[in-house]
Each structure stands twice: as structure tokens, then as C-alpha cells.
Amino acid sequence: MQVRHATNPTDFKTYTTERIRQDFLIEELFQADAIQMVYTHYDRMVIGGCVPVSKALQLAADETWKTGSFLERREAGFVNIGGPAILAVDGEAYELQKLDALYVGRGATSVELASADSSDPAKLYFTSALAHASLPTVKISIDKANPMHMGSLDTSNERTIYQYIHADGVQSCQLMLGITLLKPGSIWNTMPPHLHDRRMEAYLYFNMEEDTRVFHLMGEPNETRHIVVKNEQAVLSPPWSIHSGAGTASYSFIWAMAGENYTFKDMDPVPMNTLK
Numbered sequence: 615m616q617v618r619h620a621t622n623p624t625d626f627k628t629y630t631t632e633r634i635r636q637d638f639l640i641e642e643l644f645q646a647d648a649i650q651m652v653y654t655h656y657d658r659m660v661i662g663g664c665v666p667v668s669k670a671l672q673l674a675a676d677e678t679w680k681t682g683s684f685l686e687r688r689e690a691g692f693v694n695i696g697g698p699a700i701l702a703v704d705g706e707a708y709e710l711q712k713l714d715a716l717y718v719g720r721g722a723t724s725v726e727l728a729s730a731d732s733s734d735p736a737k738l739y740f741t742s743a744l745a746h747a748s749l750p751t752v753k754i755s756i757d758k759a760n761p762m763h764m765g766s767l768d769t770s771n772e773r774t775i776y777q778y779i780h781a782d783g784v785q786s787c788q789l790m791l792g793i794t795l796l797k798p799g800s801i802w803n804t805m806p807p808h809l810h811d812r813r814m815e816a817y818l819y820f821n822m823e824e825d826t827r828v829f830h831l832m833g834e835p836n837e838t839r840h841i842v843v844k845n846e847q848a849v850l851s852p853p854w855s856i857h858s859g860a861g862t863a864s865y866s867f868i869w870a871m872a873g874e875n876y877t878f879k880d881m882d883p884v885p886m887n888t889l890k
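Under my numbering, think of the first position of the sequence shown as 615, with each following residue one higher.
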């Protein structure tokens, strides 16, 4: 378990490239037969990943938060970006194909992560937030997610935002999660940018080639910085930061949010003439 502490925007202005990457970029999430996790002090979110190959992996509580089980006071959303997966929650099995997701509510005592076929292992990404109530475990496939078609080819940002865990879909306490798929020829996401100072966000970039990159933009609108991101790396986005990006080729990303408000539309647009 890595721990990432919160940063205030005034100090952030002085950060070097290496310090920005150290605090906000998660470079290694997917390792064979191991669960990798990062605990951030931004809204106490946990970001994790694993590739179960030869055995099922048990999601266990870390010493960091002093609880008996991982979901004792938490909820979690899992997304499969690899081969077929089998998730067992308190003994009940759920099969997840690629881009299927699973919401698991507070209080589940046993979560096992496995691959249906070791020759085509699952690749599971998950985010977890604190929860005040226990809600049902629900599987969501991409055809059941709520699609929002946004942008245009003229502005290189034609994309579909699939909402999985949100106010009008699978219910949670505060965690929201979805997937954005860009259309061919589009490379920009969330431009013009926005802020939502009531909540943080995490991005996992995936569906990229080995030699392609995404330039993830962050920082206050008048003090922007960037992080160069490879395939299957994640970025933490503080509440005070914009969060947009452009890729050298096609890419997709999983977004997850936690914090004060529980509405996808809680955004403060940033006028283009204020960006610096």
C-alpha cells in the first residue's frame, strides 16, 4: 500500500516534473498474482489493480486504516479491462467480461478476484471510497451503462461517456465511476476544462499502444502543468485542479470521483481565456 498525502495549490506551483509524477501519477498497478493499492488523502480514496493468473486474490484490509476487512467502512467499484474475470463477494460469484463493472457495497467481508482462464487473465482496476450505508452489490455491463455522447470531430473530442455508478444508475454512497471512449480521430478529453472543488477524481488511461502517450493537464486554471502518461497508468486529480488531456493516438479512460456532492453535473466551467 502506497500513501499519497494531499497537496495545496500554492505549494504545487513550485513542483518539479519529478515531484508532480511522484505525488499524482500511479505508474504500476497491474502485476501478476498481486494486488497493488494507493491510498490518497484526497477524500480517502483507494486506487488499486491486479492481474490474477495462477490463483484467486483476496482483497484484504491494510494496516493503514485499522479495520477488520477492506469494506468494513468502504464501498468499491471494479472494472475489468482484461480477459474474463470472476469476482466472488461473500461467496456469490459474478462473471465480468471486458469493460464490465461491479459495485460492492459497505460491509462485504470477503472479496476474491480471479481469472476465468489463466491463459487470458483478467485485469481488474478498482476504486474505493468511504461509505455511510450498505448498498447492494450490482454488476453493470457497458450496454447497461448510461451513454452520454459529447464533443465533435471538428474539435477532436468526439466521445461517449458511459456512466456506471452514479445518481441515475447503480447507487452508491459517494463513489461515482464510468468509462470514456473516444471516437476514431479524436484525442482531446474534457476541453474546455472544468473544476469541481467539492470532490476529487482519479483517471486510469488504457487501450493505448506501447509507444503512445497522453498528456494529462492539471493545476489551477492560471497555473497549468502536465504529466506524460503511458498505457494503464493512473492519475490523481485534486479538487482544485483542472483535469483534461490529449493523446498522441487513441486511448480510453476510467474516471472515478468521491467527495461532497453526488451529481455528475457538479462542474465549474473554466473559460478558455483564463487558461495559462
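For glycine and all other residues, C-beta sits at the position ideal for the given N, C-alpha and C. All figures in this text were calculated on a predicted structure; none of them were measured in a lab.
Straight-line Cα distance separating residue j from residue i
i	j	result
Pro853	Lys627	15 Å
Ala675	Val652	13 Å
Arg812	Asn875	6 Å
Ile775	Asp880	16 Å
Ala666	Val725	Correcting the residue identity first, residue 666 is Pro in this sequence and not Ala. Between Pro666 and Val725, the C-alpha separation is close to 13 Å.
Tyr708	Ser733	20 Å
Asp630	Val842	Here residue 630 is Thr; the residue named in the question, Asp, does not match the sequence. When rounded, the distance between both Cα atoms is 13 Å.
Ala743	Gly859	25 Å
Leu701	Val849	25 Å
Tyr656	Gly662	15 Å
Glu824	Ala736	19 Å
Ala715	Asp704	17 Å
Residue range of the unbroken beta strand (DSSP E) whose run includes residue i
i	result
Val842	837–843
Glu706	706–710
Lys753	752–754
Ala816	813–820
Val849	847–851
Ser729	725–729
Ser786	From DSSP, Ser786 is part of no beta strand (DSSP E); its letter is neither H nor E.
Residues of its chain near residue i, where Cβ-Cβ distance is below 6 Å and the 5 sequence neighbours each way are ignored
i	result
Ser866	Leu795, Phe820, Asn821
Gly721	Ser748
Met886	Pro806
His746	Cys787
Met790	Ile779, His780, Met871
Leu889	Pro835
In DSSP terms, what residue i is bridged to
i	result
Ile775	Met762, Thr794
Asp882	Leu809
Close-in-space but distant-in-sequence residues of the same chain around residue i (CB under 8 Å, 5 per side omitted)
i	result
Gly799	Leu767, Ser770, Glu772
Proximity test, residue i beta-carbon vs the ligand MN heavy atom, cut-off 8 Å
i	result
Gly691	No copy of the ligand MN appears in this structure; indeed no ligand is present at all.
7 Å CB neighbourhood of residue i in its chain, flanking five on each side removed
i	result
Phe684	Leu673, Ala674, Ala675, Val725
Pro623	Glu834, Trp854
Val784	Tyr717, Val752, Ile754, Tyr778
Exercise. Let me know the beta strand (DSSP E) ranges lying completely inside the stretch 615–699, each 3 residues or longer, listed in chain order.
Key: Those beta strand (DSSP E) runs which fall completely within the stretch 615–699 and span 3+ residues are 616–618, 648–654, 660–664, 688–694.
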